[in-house]
Structures are given as C-alpha cells and as structure tokens.
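Okay, so here's the structure we're looking at.
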Amino acid sequence: MSSTAAGQPTDSDQVALSQAPEREAAAQRARDLFVDAYGYEPDGVWSAPGRVNIIGEHVDYQDGLCLPMAISHRCFVAAARTPMNLLRLRSAQSEQVLEIDSHDLSPENVTGWPAYVAGVLWALRPFISGSTTQGMDLLIDGQVPLGSGLSSSAALECAAAEAMESLLSLGTTPLERVKAAISAETDFAGASTGGLDQSASVLSREGHALFLDCRDFSTRPVPWDLASQDLALLITDTRAEHSHVDGEYAARRADSETAARTLDVPTLRDLADLGEEQALARLDGIEDEVVRRRAHHIITEIHRVRRFDDLLAAGTVREHVDELGALLNASHDSLRDDYEVTVAPLDVAVDTARAAGAYGARMTGGGFGGSTIALIEADAAQQVAQAIASAFAEHGFTAAQFFLALPEEGAGQDR
Ligand code: GLA
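Below you can see the structure in the form of structure tokens.
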C-alpha cells in the first residue's frame, strides 16, 4: 500500500466501500443509548432513512417531478412517553440537549439540531387533541453522514414523526407526517426545503425508486432492482465543505420564481406540461440570461424525469442502461452549466466516474458539496471508487467516502 503525504490513497491502495450499520444492531444500540441517557427502557425504536435523488434535481419547489430512493443509512429514535408535558431530547452525536415544556415550543426558543425534532411536534399540533399530554423522552442516533447531501436532517425529522405518531396515537397518514417534517424544517428550523427529501424518507419502498409529483405530492413506487441486474449505484460523499449553501439555495429558488412570474405561469411545471419544445421556445420571453438558464434547467430536468420513468416502465434497468446513464449525465451537465450548483469536487467525481466506465454520473441533492451517484456494473465498484479516490488525491481534495446504495424501505418502527 502507498499513500500521498496527505495520507490520501494512490492507485495501489484498496479504497474502502463503507456500509451502513446493520439495521437491527443499530436499533438495539439506540435502545441501549436511551437506557444510558434516561435510566429506563424506551417504549420503542423508530427510524427513517437518508436518500439519494436518482434524477429530478432542483425542481421540487417548482412543482416538478423527482425520482429519489431511500438508502440504507438511517436515523434512529428511541423514545418513551412520559407524564405531563416535558419534552426531553438527547443525541448520540451532540452534547446539546433540550428540555422544554411542549406548550412553550416556538421557532424562536429552540435552536440547533433539536429544532428539527421539536419542530415536528410543533407541526403535528393540529392532530393532537387538547387534552392529550405531550411529554416524551427521545434519544437520537443519526447514522446518515452529516453534511453529505444525503438528507440527514430529513431522516431526523421523519424518524421523530414516526415516533410521535406512535407514542401519541395521532392517526396521521404517511403524507401528513411528510408535511409535518417539511414544516418542521421550513417553518420551525428556518431551513428552506422543497419536500423531496422528506417524501423520499417516509414513502420509499424497498427495491424501488419513488416517482414523486411535487404538484400534489402523489407518489408511486417504480421498480429499480439494480442488484438482480448486476448493476450498482455508487455514492461518493465528496466531503466538500459547503459554504453559503442556504443563500445559494434561496437564490436559485428566487430565480426560478422570477422566471415563472416573467412568463406568467403559476410554476415552471405548468410550462413544462406544454411539452418540452414548446416550453423551451417560451423561454425566449425571459430577458435576463441567468434566469433564462435557470428555467432551462428546470424544464429539461422535468422532461428527463419523465423519460427516465418511461424507460423504467418499459423494461429492466439493464435493457435501457445506456439511455438511463445518458439522462443522468445530462442532468449533471445542466446543474453545472445552467443551474450552477456544482463545485469542483462534484465535477471531478462525476467526470472520473464516467471516464472509469460508469453508464452515467451526477451530483445528487442540493449541490455546493455533498454527494454524487454513478450507475455502474456491480463488479466495477471498487475500480470506479479507486479512480475517484486517486483523482481526489491528485487535486488535493479531502478524501471522499464511498457507499453502495440499494433502494431501502422508508420510515417505520424497528422494535
Ligand atoms: C435539497 C432540498 C430539496 C431539493 C434538493 C434539490 O436537498 O432540501 O428539497 O430542493 O435540494 O433537488
């Protein structure tokens, strides 16, 4: 084995393909951590997964179409109902704790990670009858890598929503829990989200991608059985520092809203529904070149999702792997050139994966750092990961982390 001065792998190293902790053992660990923290047994353990978006990026907040899937990294919540109204939160990943009367919850008086959990209880209030006490103890064990663009915050919110649904017997539907999680993030924690992440975390089905129509949040599972076709999806967590993410995300949303307003349509989805050619012709009506490119991305991306979905309906992933790969590539290129949300490590990971034989590769999630995905032959995973690791070493980037993603089940109770 050899490595560079910075300790990064070179060609002769074996790059590790990391795996999420095994689910049952992880649930047991959360239970044990609860007992350590609170000194008694929890009522149960619930969990929700992180996600990758296969295609359909930066379209959810314009009522677009997305095709995410849940991954095997999950956030676990061990929890118990308690008398009175005291809400207590602890985490295995943070020293910060929260103890608050649940009637006092407001966006102003909870900050940091607890806002993503307390905000869910706050958002679920319409489902809680006045006489129900809302006291509970929660222990969080988040296994979705933080800052990876794999939706650790959505996993946290959605696992908390599952726990609260069960503990308080609320009778909410999965979609109502998705909406409570979105509201927790947007209205309580103050971080804008278009709803893709929470939908994927709650509604995904094992072995399937999730076709998500953000106009009405309707969903349908789409067979995405990579394993039986000897194909794989390689996730590269670039571990790229992302700065100004919130500002850039808000700026892209604002550009997309300007485009819709200029063209006098409620959303760019309404324009996309005219058909790709006609919708693109209408973009000439936008004078601002940057805003026009942003809209160009959204229109073409919505049509790429439609095509991807049609191909999956028409046969196996293997049968259409070249065209599916080309759609992934086109999505990335559009996010790089029209939407301008990629950074050098994302582009290097994608270019290297393509050169190493991937059918297609793209960034996934919000961008400005985070992760990429590559559709590859299952037996090429090591070789593609190795190529990316070497390219990162050459560029002097922080060493990336690699995972193989199989489509997993959404949020639920573990024990
Ligand atoms: C982030 C947001 C999502 C979505 C993606 C981009 O992950 O939370 O709602 O907008 O970026 O597709």
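Mapped onto the numbering used here, the consecutive letters of the sequence shown carry residue numbers 266 to 680. Beta carbons: idealized from backbone N, C-alpha and C, even for Gly.
Member of the options whose CA lies at the smallest distance from the CA of residue i
i	options	result
R619	A639, D495 and R571	A639
L435	Q408, H473 and G395	G395
E306	Q543, E364, T663 and R346	R346
L359	H338, P286, D478 and L411	According to the sequence displayed, residue 359 carries Ser and not Leu. Per the Cα distances, L411.
A525	Q666, A515, I563 and P488	I563
Q647	A544, E605, T501 and T527	T501
M429	S417, S413 and F392	F392
D574	R559, G590, F633 and V615	G590
P372	L332, E450 and D612	E450
E642	A426, A492, G309 and D538	A492
T617	R571, E552 and A650	A650
R583	R390, L496 and P488	L496
S655	D679, V613 and R680	V613
A664	T398, L611 and R680	L611
D679	D452, A313 and E552	A313
T581	A652, H473, S413 and G550	H473
A291	C331, V586 and A357	A357
C331	G304, A302 and C479	C479
P488	S413, A578, A519 and S431	A578
L415	D452, F657, F662 and G631	G631
Length of the line joining the Cα atoms of residue i and residue j
i	j	result
V724	S469	This structure cannot speak to residue 724, because the chain is shown only from 266 to 680.
E674	R316	11 Å
I494	S599	It is worth fixing the name first, because residue 494 is Gln in this sequence and not Ile. C-alpha separation (whole angstroms): 28 Å.
G677	E513	33 Å
E554	L548	10 Å
T376	E542	46 Å
L386	E322	29 Å
G622	L477	29 Å
D538	E605	24 Å
R288	H338	9 Å
L498	D481	29 Å
G602	F341	In the sequence as displayed, the identity of residue 602 is Asp instead of Gly. Their backbone Cα atoms lie some 38 Å apart in a straight line.
E506	F633	8 Å
D644	L669	11 Å
V556	A544	15 Å
I336	H568	25 Å
L370	I319	36 Å
R571	P333	13 Å
E427	W311	6 Å
A343	I365	18 Å
V467	L440	8 Å
T484	L475	7 Å
S636	M349	43 Å
Q293	V608	38 Å
T438	R355	27 Å
G540	A546	10 Å
T398	L389	13 Å
P486	D308	31 Å
N374	D402	19 Å
P672	H660	32 Å
G304	V362	16 Å
H561	A302	51 Å
D696	H585	The structure shown does not extend to residue 696, since the chain is modelled only from 266 through 680, so no value can be given for it.
A652	S413	20 Å
A658	D452	41 Å
A425	S521	32 Å
Beta-carbon separation (whole angstroms), residue i vs residue j, contact threshold 8 Å
i	j	result
L433	G400	Contact flag wrong, Cβ pair sits at about 10 Å.
E588	L576	6 Å
A456	D511	7 Å
V504	Q284	Residue identity check: residue 504 is Arg in the sequence provided, not Val. That belief does not hold up - the Cβ atoms of R504 and Q284 are roughly 17 Å apart, past 8 Å.
R559	R517	7 Å
G550	L536	Going by Cβ atoms, the distance from G550 to L536 rounds to 10 Å, so no, they are not a contact pair.
Test: residue i CB closer than 9 Å to a CB of chain B
i	result
D481	The chain labelled as chain B is not found in the depicted structure, where only one protein chain is given.
Query raised in the report: Any contact of the segment 529-536 with the segment 325-338, i.e. 3+ C-beta pairs under 8 Å?
Result: yes
Requested in this report: For ligand 1, enumerate in chain order all residues having a CB closer than 5 Å to any of its heavy atoms.
Outcome: E322, H323, D325, T458, G459, L461, D462, G630 and G631
Query - At least 3 beta-carbon pairs within less than 8 Å: the segment 399-414 vs the segment 298-306 - result: yes
Requested in this report: Assess, as a yes-or-no matter, whether the segment 581-594 is touched by the segment 626-642 under the definition of 3 or more beta carbon pairs within less than 8 Å.
Outcome: yes
Report task. Give a yes or no on contact between the segment 434-449 and the segment 457-469, applying the rule of three or more CB pairs nearer than 8 Å. Result -> yes
Requested in this report: Would you check if there are 3 or more beta carbon pairs closer than 8 Å linking the segment 420-433 to the segment 369-389?
Outcome: The segment 420-433 vs the segment 369-389: in contact.
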